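The structure appears right after this line, and notes come after that.
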Amino acid sequence: MRQALVFCLLIPWTARAEVATAKAAPKTPKGLPQCTSSLKPASDLPRALGETIRYHLDMDGLSVGVIDFKISQRGNYSGKPVTEYRSLFKLDALVATFVPVHGQAAALVPDAAFWPLLAMNRYRLNNSQFEEDVTYQGDGRVVASKRKKDGTAKDETRRFTDPALDFVSAFYMLRTLPPAIDGCTVLYGNQRAYTVWVKADGKDKVKTPAGFRPADRYNVRYGSERGKEIIEGKMWLGEPPARVPYQAELSGKHRLLARIHMYDMGQ
201 MRQALVFCLL
211 IPWTARAEVA
221 TAKAAPKTPK
231 GLPQCTSSLK
241 PASDLPRALG
251 ETIRYHLDMD
261 GLSVGVIDFK
271 ISQRGNYSGK
281 PVTEYRSLFK
291 LDALVATFVP
301 VHGQAAALVP
311 DAAFWPLLAM
321 NRYRLNNSQF
331 EEDVTYQGDG
341 RVVASKRKKD
351 GTAKDETRRF
361 TDPALDFVSA
371 FYMLRTLPPA
381 IDGCTVLYGN
391 QRAYTVWVKA
401 DGKDKVKTPA
411 GFRPADRYNV
421 RYGSERGKEI
431 IEGKMWLGEP
441 PARVPYQAEL
451 SGKHRLLARI
461 HMYDMGQ
């Protein structure tokens, strides 16, 4: 099961990496346009300390675990006020017997920007342990990654035309966008770039722990620079100001569904 910790929530982890330093929009699978101008937030990222969102994750109709997103800390880094965002993926015990995957990811984002200064992910897939630490410079356009697989390290530096986001910061940036979204962004993780296109597709009422709530529905299409497949899906975001993502589903090799289970608005 090669799936991500975040939504963004559900984009697959990959294992191989190659060095590519040219400043350019990442390549995309045939039929998916390149992202030459990324979406920008319409407001500040959420910063309510302690805010926690938990999702139940189903794969092909089987409950496989939960994904948590938490605004974990506020502080200063290199003289800049920053917020630490975290995500934790936990498998159900029975499923973990057959699919040994668990992991976590984090991003340190300055208040004056929407891209991270630092990002990391740690996860276990089958019998291998993966670790990645990423630093961002040049207004998020220059990304340096150190990735380890079972202790063997590989470094990579990438240059992008627009700020690249990690999976965690992308989750929070998504919540700042206006309802009429129609655009793209580039995510970077596991030394690979993903191009994600999001387009508004009407309104629904979505079941939440607090009952049915109105939500904006969006079509999602994405692909990896080294893959041939375009993955399609949908997501549902709640109304402003919180814009909590209520649900997301993707249909690729497996049908994945993330449904909100708990929301704590924090301080």
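Here the numbering used here is used: the first residue of the sequence shown is 201, the next is one more, and so on. Glycine included, C-beta positions come from ideal geometry on N, C-alpha and C. Here the structure is a predicted model, which means the values were calculated and not measured.
Expressed to the nearest angstrom, what Euclidean distance is found between the alpha-carbon atoms of residue i and residue j?
i    : j    : result
K230 : I430 : 8 Å
A312 : A319 : 17 Å
V406 : K354 : 43 Å
H470 : R358 : With the chain covering 201 to 467 only, the question about residue 470 has no answer from this structure.
S424 : D350 : 24 Å
A225 : Q337 : 17 Å
T352 : P414 : 48 Å
F207 : Y285 : Caution applies to F207, whose pLDDT of 35 falls short of 50 and renders its modelled position unreliable; the model cannot decide the point.
N276 : Q447 : 33 Å
N326 : D258 : 19 Å
I267 : D292 : 11 Å
S272 : E251 : 8 Å
F360 : K227 : 11 Å
S451 : G303 : 22 Å
G411 : R392 : 39 Å
P378 : A242 : 7 Å
A442 : R426 : 35 Å
R421 : P233 : 10 Å
F173 : A458 : Nothing about residue 173 can be reported from this structure: the residues present for the chain run from 201 to 467 only.
K453 : L387 : 20 Å
K467 : V264 : What sits at residue 467 in the sequence shown is Gln, not Lys. Taking the straight line joining both Cα atoms gives about 30 Å.
M373 : P440 : 14 Å
Y255 : E449 : 12 Å
S278 : E432 : 39 Å
V334 : S328 : 20 Å
How about residue i and residue j: do their beta carbons lie closer than 9 Å?
i    : j    : result
S345 : E356 : yes
L317 : V282 : yes
R156 : L245 : Outside the shown range of the chain (201 to 467) lies residue 156, about which nothing can therefore be said.
D416 : K428 : no
Y323 : F289 : yes
Which of the three DSSP states is assigned to residue i in this structure?
i    : result
A370 : helix
N390 : coil
H454 : coil
V398 : strand
A215 : At A215 the pLDDT is 32, less than 50, meaning the model places this residue with poor confidence; the figure from the coordinates comes in the next sentence. A215 falls in the coil class under three-state DSSP.
I381 : coil
I430 : coil
G466 : coil
P414 : strand
E425 : coil
R470 : Residue 470 is absent from the model: the chain starts at 201 and stops at 467.
T376 : coil
K405 : strand
P449 : Looking at the sequence itself, residue 449 is Glu, so the reference to Pro does not match. Three-state result, E449: strand.
V420 : strand
Going by beta carbon distance, what residues of the same chain come within less than 6 Å of residue i, once the five residues before and after it are set aside?
i    : result
R455 : D260
R247 : T283
K280 : P310
Quick one: residues in its chain with C-beta nearer than 8 Å to the C-beta of residue i, no 5 flanking neighbours on either side, listed in chain order?
i    : result
Y418 : I381, V398, K399, A400, D401, K434, M435, W436 and L437
V444 : I253, R375, L437, G438, I460 and Y463
W315 : V309, Y336, D339, G340, P363, A364, L365 and S369
P142 : With the chain covering only 201 through 467, there is no way to say anything about residue 142.
S287 : L205, V206, I267, D268, F269, K270, Q304, A305, A306, F367, V368 and F371
M465 : A248, E251 and A442
Return the chain-ordered list of same chain residues with a C-beta closer than 7 Å to the C-beta of residue i, the five sequence neighbours on each side being excluded.
i    : result
D385 : With the sequence shown as reference, residue 385 is identified as Thr, and Asp is not the correct amino acid for it. Only C235, S238, L239, L365, A370 and V396 meet the Cβ criterion.
G383 : L239 and V398
Are the C-beta of residue i and some C-beta of chain B separated by less than 9 Å?
i    : result
S263 : Judged by its chain identifiers, the structure shown contains no chain B, having just a single protein chain.
Please give me, in chain order, every unbroken run of the beta strand (DSSP E) with length at least 3 that falls completely inside the stretch 230 to 284.
As far as the stretch 230 to 284 is concerned, its whole beta strand (DSSP E) runs of at least 3 residues are 252 to 259 and 262 to 277.
List in chain order: all unbroken alpha helix (DSSP H) runs of 4+ residues lying wholly within the stretch 280 to 361.
Within the stretch 280 to 361, the complete alpha helix (DSSP H) runs of at least 4 residues are 293 to 298.
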